[in-house]
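The sequence shown: position 38 = 502 (the working numbering), numbered continuously.
Take a look at the structure below.
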Amino acid sequence: MSAALPPGSTVGCAAAGAVIELDQISFGWHGHPVLRSVSGSFAAGGMTAVVGPNGAGKSTLIKGIMGVLPPMAGALRIAGAGRAGLAWLPQAAELDRSFPMTVLDLVAMGAWRRVGAWRRYRGEELDGCMQALETVGLAAEAGRGLDALSGGQMQRALFARMLVQDAPVLLLDEPFAAVDSHTADQLMALLCGLHQQGRTVIAVLHDLDVVRGHFPQCLLLSGSVVAWGRTEETLSEAHLRAARERQGGSLA
Numbered sequence: 465m466s467a468a469l470p471p472g473s474t475v476g477c478a479a480a481g482a483v484i485e486l487d488q489i490s491f492g493w494h495g496h497p498v499l500r501s502v503s504g505s506f507a508a509g510g511m512t513a514v515v516g517p518n519g520a521g522k523s524t525l526i527k528g529i530m531g532v533l534p535p536m537a538g539a540l541r542i543a544g545a546g547r548a549g550l551a552w553l554p555q556a557a558e559l560d561r562s563f564p565m566t567v568l569d570l571v572a573m574g575a576w577r578r579v580g581a582w583r584r585y586r587g588e589e590l591d592g593c594m595q596a597l598e599t600v601g602l603a604a605e606a607g608r609g610l611d612a613l614s615g616g617q618m619q620r621a622l623f624a625r626m627l628v629q630d631a632p633v634l635l636l637d638e639p640f641a642a643v644d645s646h647t648a649d650q651l652m653a654l655l656c657g658l659h660q661q662g663r664t665v666i667a668v669l670h671d672l673d674v675v676r677g678h679f680p681q682c683l684l685l686s687g688s689v690v691a692w693g694r695t696e697e698t699l700s701e702a703h704l705r706a707a708r709e710r711q712g713g714s715l716a
């Protein structure tokens, strides 16, 4: 680990081979830390699940990496283009689906960094949005309002927006929540395909069977790091028991 930086620092130079590096970082809300003293790194091209009991700090970590929450202590380093190289799929429940926006409008938001927020989408960008909707099976719903979508359709739309972002690092917060098993399988296959293209995948998940079946690396949180490394080692019974005891919650 490099020399300590001032509390709350964010710099764009991660260690060699790491896309995101955390150095004794803490995140929280309204002055109260939720996640304390996290150190470690996400390797370029890795596929890492973030797991832990309810309230363990999983979503807090993702929001901190994305800059929604400033660090309360410690330092965050992001390689390459910094946060411009990150794509974030938030929890669908956090979105206001009553806002007057079509599915295509939502997906097109993925191109804002390239096009700008208030410019019209034409040519290749519009084609890319429609191709992303085709990939997730929602092309026929492009003109519908978000309030008309089912939970599974909304998750597909968020995946399509992530595809349009075309970022090398993908952060997903409970990407399979509120979807049926068929949709979850399809989205998981899509995520594996993106990883096979060389993208780094970091996903908050609850289903430990999915984690064991698809994610070689795992970060187990319970207010701080319980274990971080190879999935079969991280999800040992001793580590799972320690996480439950710290938080008083269930992991499955």
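The beta-carbon is built from N, C-alpha and C at its ideal position, and this holds for glycine as well.
Please read all numbers here as calculations on a predicted model, not as lab measurements.
Three-state secondary structure (DSSP) of A631:
Taking the sequence shown and counting its residues from 1, one reaches residue 631 at position 167. In this structure, A631 counts as coil in the three-state DSSP scheme.
Return the bridge partner residues of H496 from the DSSP annotation.
Here residue 496 is taken as the residue at index 32 of the sequence shown, counted from 1. Note: H496 sits in a beta bridge opposite W493.
Please give the ranges of any alpha helix (DSSP H) in the region 546 to 633, keeping only runs that are unbroken, at least 4 residues long and fully inside the region.
The qualifying runs are 567 to 572, 576 to 579, 587 to 599, 615 to 629.
Quick check on R663: does DSSP put it in helix, strand or coil?
Residue 663 sits at position 199 when you count from the first residue of the sequence shown. In this structure, R663 counts as coil in the three-state DSSP scheme.
What residues in its chain sit with their C-beta under 8 Å from that of A468, if we drop five residues either side in the sequence?
Numbered from its first residue, the sequence shown carries residue 468 at position 4. Summary for A468: the model assigns pLDDT 40, below 50, so the residue's position carries little reliability; its value from the coordinates is reported in the next sentence. Counting only Cβ-Cβ distances below 8 Å, and skipping sequence neighbours, we find D487, Q488, A539.
Which value, in whole angstroms, describes the spacing of the CA atoms of G615 and L651?
Stepping through the sequence shown from its first residue, residue 615 is reached at position 151. Stepping through the sequence shown from its first residue, residue 651 is reached at position 187. Taking the straight line joining both Cα atoms gives about 13 Å.
Rounded C-alpha distance that separates E558 from E696
Taking the sequence shown and counting its residues from 1, one reaches residue 558 at position 94. Taking the sequence shown and counting its residues from 1, one reaches residue 696 at position 232. If I take the Cα positions, the gap works out to 32 Å.
Cβ contact (3+ pairs, closer than 8 Å) linking the region 592 to 605 and the region 539 to 557:
When Cβ pairs closer than 8 Å are counted between the two stretches, the region 592 to 605 is seen not to touch the region 539 to 557, the count staying below three.
Would you give the residue range spanned by the alpha helix (DSSP H) that G693 belongs to?
By one-based count along the sequence shown, residue 693 stands at place 229. G693 -> not in any alpha helix (DSSP H); beta strand (DSSP E) instead, spanning 689 to 694.
Give me the Cα-Cα distance between L684 and M536, rounded to the nearest whole angstrom.
Taking the sequence shown and counting its residues from 1, the one referred to as residue 684 is at position 220. Taking the sequence shown and counting its residues from 1, the one referred to as residue 536 is at position 72. Taking the straight line from one Cα to the other gives about 21 Å.
Please state the DSSP three-state secondary structure of S645.
Along the sequence shown, one-based indexing puts residue 645 at 181. Three-state result, S645: helix.
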